[in-house]
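A.B. asks: Mapping the sequence shown onto full-length UniProt numbering, position 597 (from 1) lands on 597, and the numbers just tick up by one.
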Amino acid sequence: MSSERSKLDWLSSDGDAVQAQVLAAFGALVFYNALELIVLCLARFKRRGSFYFWCLLVASASLIPHCLGFVLLFFRPQISPYGPVTLIIIGWCFTVTGHSLVLWSRLHLVLQSPRLLRALLRLIVIDGVLFHTPTAVLLYGAVSPNAPTFAAGYRVMERIQLVGFGLQECVISGVYVWETAKMLRLRPARQHSRILLQLLAINVVVLLLDVLVVGIEYAGYYAVQVMFKPFTYSIKLKLEYAVLGGLVQIANGRTMAFPPPPVDTIDWSNVGFKVREGMTLTPEHDFQTNDNKPTVNGHVESTYVKTTNRWTPPRFVRSPYLPIHGMAPGLNYGQQAYEGLKAFRHANGQITIFRPDRNAKRLQRSAQFISIPPVPEPLFLEAVERAVAANAEFVPPHETGAAMYIRPLVFGSAAQLGLAPPDEYTFVVFVMPTGVYHGVHAVDALVLEDFDRAAPQGTGSAKVGGNYAPVLRHSARAQAEGFGITLHLDSRTRSEIDEFSTSAMIAVRKDQDERTGDAVTTLVQPDSPNVIDSVTAASVCEIATAYFGWRVEKRRIPYEELGRFDEVMAAGTAAALVPIRSITRRSTGDRFQYECGGEEEASGGEVCVKLLQTLKGIQMGKVEEKLGGWNHVVKPLPAGWLDAV
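#1: Threshold first: 4 residues or longer. Then list the alpha helix (DSSP H) segments lying entirely within the stretch 23–110, N to C.
#2: Would you please state the rounded distance, in angstroms, between the beta carbons of I38 and S60? I believe it to be under 8 Å.
#3: Determine, using beta carbons only, whether A571 and S534 come nearer to each other than 7 Å.
#4: State yes or no: is the C-beta of E567 within less than 7 Å of the C-beta of C608?
#5: Have a look at L239, P230, K361 and I172 and flag the residue whose alpha-carbon is nearest the alpha-carbon of residue 647.
#6: Cβ atoms of P260 and A469: under 7 Å apart, would you say?
#7: Assuming F344 contacts A574 (C-beta within less than 8 Å), just tell me the rounded distance between them.
#8: Might you give, ordered along the chain, the residues of its own chain that have their beta carbon closer than 6 Å to the beta carbon of P421, omitting 5 neighbours on each side?
#9: Given this structure, state the Cα-to-Cα distance separating K626 from I324, to the nearest angstrom.
#10: Strictly by DSSP, which residues pair up with S582?
#11: Just tell me which of A442, T502, S501 and V634 has its CA closest to the CA of A602.
#12: In the DSSP output, what is S302 paired with across the bridge?
#13: With Q336 as the anchor, note down where its beta strand (DSSP E) starts and where it stops.
#14: Check Q525 in the structure and name its three-state DSSP category.
#15: DSSP three-state call for G164: helix, strand or coil?
#16: Pick out whichever of G629, T536 and T133 has its Cα sitting closest to the Cα of T612.
#17: Whose C-beta lies closer than 7 Å to the C-beta of S234 among residues of the same chain, with five residues either side of it excluded?
#18: Measure the alpha-carbon distance for P408 versus L207 and round it to whole angstroms.
#19: At what residues does the alpha helix (DSSP H) containing I618 begin and finish?
#20: Helix, strand or coil for V410, going by three-state DSSP, please let me know.
#21: Identify every residue that forms a DSSP beta bridge with R555.
#22: Going by other Cβ atoms of all chains shown within 10 Å of its Cβ, with 16 needed for buried, is G484 buried or exposed?
#23: Hey, would you say V317 sits closer than 7 Å to F394, going by beta carbons?
#24: Assuming T459 contacts G466 (C-beta within less than 8 Å), just tell me the rounded distance between them.
#25: According to the Cβ coordinates, are T486 and A480 closer than 7 Å?
#26: Which class does T493 belong to by DSSP, given the choice of helix, strand or coil?
#27: If V58 and G98 are in contact, beta carbons under 8 Å, what's the gap, nearest whole angstrom?
#28: Can you tell me the Cβ-Cβ gap for F231 and F26, rounded? I've got them flagged as a contact below 8 Å.
#29: Would you call the CB atoms of I497 and I557 closer than 7 Å?
#30: Take H398 and list the residues in its own chain whose beta-carbon comes closer than 7 Å to its own, dropping the five residues that flank it on each side.
#31: Out of Y241, L237, L209 and A242, which one is the CA nearest neighbour of F228?
#32: Please identify the residue among A151, L417 and A389 whose C-alpha is closest to the C-alpha of H632.
#33: Can you look up I506 in the DSSP assignment and give me helix, strand or coil?
#34: Of the residues G563, S319 and D527, which one's Cα is nearest the Cα of L111?
#35: What span of residues does the alpha helix (DSSP H) with G141 cover, start to end?
#36: Anyone know if the C-beta pair for K554 and D527 falls short of 7 Å?
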C-alpha cells in the first residue's frame with residue numbers, strides 16, 4: 001500500500017488535510033450540480049434530437065465520472081489507480097470539449113457565416129486532439145511506477161491545457177457576443193440592451209472562472225484545483241439556461257408581444273422600391289453580413305419532389321441566396337412563375353396581408369402554363385404568413401403608408417438537360433419593406449408599337465418571368481424619353497387595349513343619365529385573354545360598386561375609345577393606383593390627356609383619389625372592409641418553428 005501511496009503523492013503539494021476537505025466539499029457540489037443539470041436538460045427540452053441538446057446532456061453527465069475518478073484516486077489509494085484515471089480522462093474530455101461544442105452549436109443563431117462556423121468547429125476538434133491526448137498519456141504515467149517523471153510533465157501539460165481551452169472558449173464567446181451585439185442594433189433599445197448586458201456579464205463570469213482555476217493551480221493547491229475545475233464547468237453549463245432563452249428570442253426576431261414594433265434602423269419616410277441586402281455573397285459562396293442594416297431576417301422555402309408527389313412543409317432560411325443548380329430549367333428554360341402581394345401594419349399594430357387567396361389561385365394558374373405542380377392554397381397561405389411573421393419588425397409603420405412587399409416564386413430547381421419537366425421544384429417566399437413603385441404622382445404613358453408582349457394564344461395571362469424581361473429595354477427607352485410607363489395593345493390586331501407593362505389598366509368614363517340627368521361614373525376594365533387577372537384592379541372595381549355605387553364594365557376596349565375616357569389608372573400590387581396623365585401613340589400622332597389633379601400636384605383625378613383612398617384605407621385598417629375577408633391577419637409563428645433553422 002505504501003508503494004501505491006507514493007504514486008499519488010503528486011496529487012497534493014503537502015498532504016494538507018484541509019485540501020482534502022475542500023476537495024470533498026467541491027466534489028459534493030459537482031455531483032449535485034451534475035444531477036440537477038441532467039434533470040434540467042431532460043425536463044426543459046421537448047425536442048431532443050438537436051446537436052445542442054446532446055452536447056449539453058453529455059457535457060453535464062460527464063462531470064460525474066470525472067469527479068468520481070478523483071474521489072476514488074484521492075480517498076481510495078488502495079485500489080488500482082488506472083480505473084479512476086480512466087474515469088477522470090473520459091469525464092474531462094467529454095465535459096470540456098462538450099462544453100465548447102455547446103457554445104458552438106448555438107452560434108448559428110446569431111452567426112451568418114458558415115465559413116467561420118466551420119473554422120471554429122475545426123478549432124475545437126484540433127484543440128481536443130492536441131490537448132487531451134498528451135494530457136491523458138501523462139496522467140496514466142503519473143500513476144505508474146515511473147510517477148515522478150510523468151507527474152512533472154503532467155503538471156506542465158495541465159496548465160497548458162487549461163490556458164488553451166480557456167482561450168478557445170473566449171474566442172467562441174467573443175464571436176457570440178460580437179454577433180449578438182450586431183443583432184441587437186436592430187431591436188428596441190431598452191429591452192435588448194438588457195439582454196446584451198446579461199450576455200456580457202455571463203461571458204465575463206466564465207472568463208473569471210477560467211482565470212481562477214489557473215490561478216489556484218499555479219498557487220500549488222492542486223488537490224483543490226482538480227475538483228474546482230469540474231465545479232466551474234458545472235456553473236458554466238448552468239449559465240447556458242440563463243442565456244439561451246434570450247438568445248433564441250433575439251435570433252427569432254420576436255418580442256414578448258406580437259407583432260413587434262418596426263425597427264428604427266430604416267428611414268421609413270424614404271423607403272423606396274429597391275432591395276437593400278444586409279448580407280453579401282463571398283467568393284467562397286458563403287454569405288456574410290455587410291455594412292448595410294438588414295431589412296429582413298430571411299425567407300421561406302418548400303420543395304416538391306416527384307417521387308413523393310408532395311410539397312414539403314415550409315421552412316425558414318436566413319440566407320437571401322438560393323442554392324440552385326446551373327442546369328435547372330428555372331434558369332435555362334424560364335420555368336418559373338411568381339406573385340406579388342403586400343402586408344400592412346394597422347394603427348393598433350396588427351399586421352394583415354391583402355387578399356392572399358387571390359394570389360394563391362393566380363399562382364396555381366400560372367404554374368399550369370409552365371408545367372409546374374400547383375402550390376396548394378393552404379401551403380401558399382401558410383408560407384406567405386410565416387414569411388411575414390418571421391420578418392414582422394420590418395413591416396413599415398402604419399403612419400408612413402408604406403408596406404411589406406411579398407414575392408412568392410416557384411421554379412424548376414433540379415438539374416435538367418433535356419426540355420422536359422424536372423424531378424424537383426422549389427417554392428420560396430421573399431419579403432421586403434417598400435414604398436410605392438411609381439411614386440404618388442401622375443405619369444405619361446407610351447403605346448408600345450415595336451414589340452408584342454404576348455402571342456394571342458400564349459402566356460400573356462400567366463405571371464411568368466418571360467412576359468416581363470423582354471419589355472425591360474423598351475421600358476428603359478420610354479423612360480429616357482419621359483414616359484413613366486408603357487401600354488400594350490393586343491398582339492393579333494393591335495386595335496384593342498391589353499394592359500400596361502407593369503400594371504392593369506382601368507379607365508373612367510363620366511356621363512349623365514339621359515333619363516334623370518344624374519352623374520354616372522363607369523369604370524371600364526379590358527377583358528382580354530392575354531392580360532393578368534389583376535388582384536388590385538378587381539378589388540378597385542369591387543370598391544367602386546360597393547362603396548360608391550358606380551358602374552363597372554369588363555369588356556374589350558377599342559383603341560379609339562381612349563379619347564373618350566376622363567381618367568385612366570394603372571393598377572397593380574406594387575403600384576397600387578397610379579394616375580395616367582396622358583397616353584401617346586407615335587405612329588398616329590395621338591396624345592390623349594386625362595384628369596390627374598392638376599399639373600402641380602398631379603395626384604390623380606377625382607375618381608382615382610377616392611378609389612385609392614378607400615383601397616389604402618381598407619388595407620391599412622382605416623376604412624371598414626365590408627366585402628368579406630380581404631385582410632388576412634398575420635398570427636404569431638408556431639412555437640419552435642424557427643428553432644429548426
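All C-beta atoms, glycine included, are put in the ideal place defined by N, C-alpha and C.
C.D. replies: According to the structure shown:
#1: 51–61, 63–75 and 82–105
#2: 5 Å
#3: yes
#4: yes
#5: The question about residue 647 has no answer here: the residues shown for the chain are numbered 1 through 645.
#6: no
#7: Actually they do not touch by this definition, with Cβ atoms about 14 Å apart.
#8: S371
#9: 44 Å
#10: D444 and Q593
#11: A442
#12: F427
#13: Q336 to Y338
#14: strand
#15: helix
#16: Reading off the sequence, residue 612 comes out as Leu, not Thr. Comparing Cα-Cα distances from L612 to each of G629, T536 and T133, the minimum goes to T536.
#17: V30, N33, A34, L37 and L63
#18: 47 Å
#19: E606 to M620
#20: strand
#21: P526
#22: buried
#23: no
#24: 7 Å
#25: no
#26: coil
#27: 5 Å
#28: 5 Å
#29: yes
#30: R345, H346, A347 and M620
#31: L209
#32: A389
#33: strand
#34: S319
#35: P114 to A142
#36: yes
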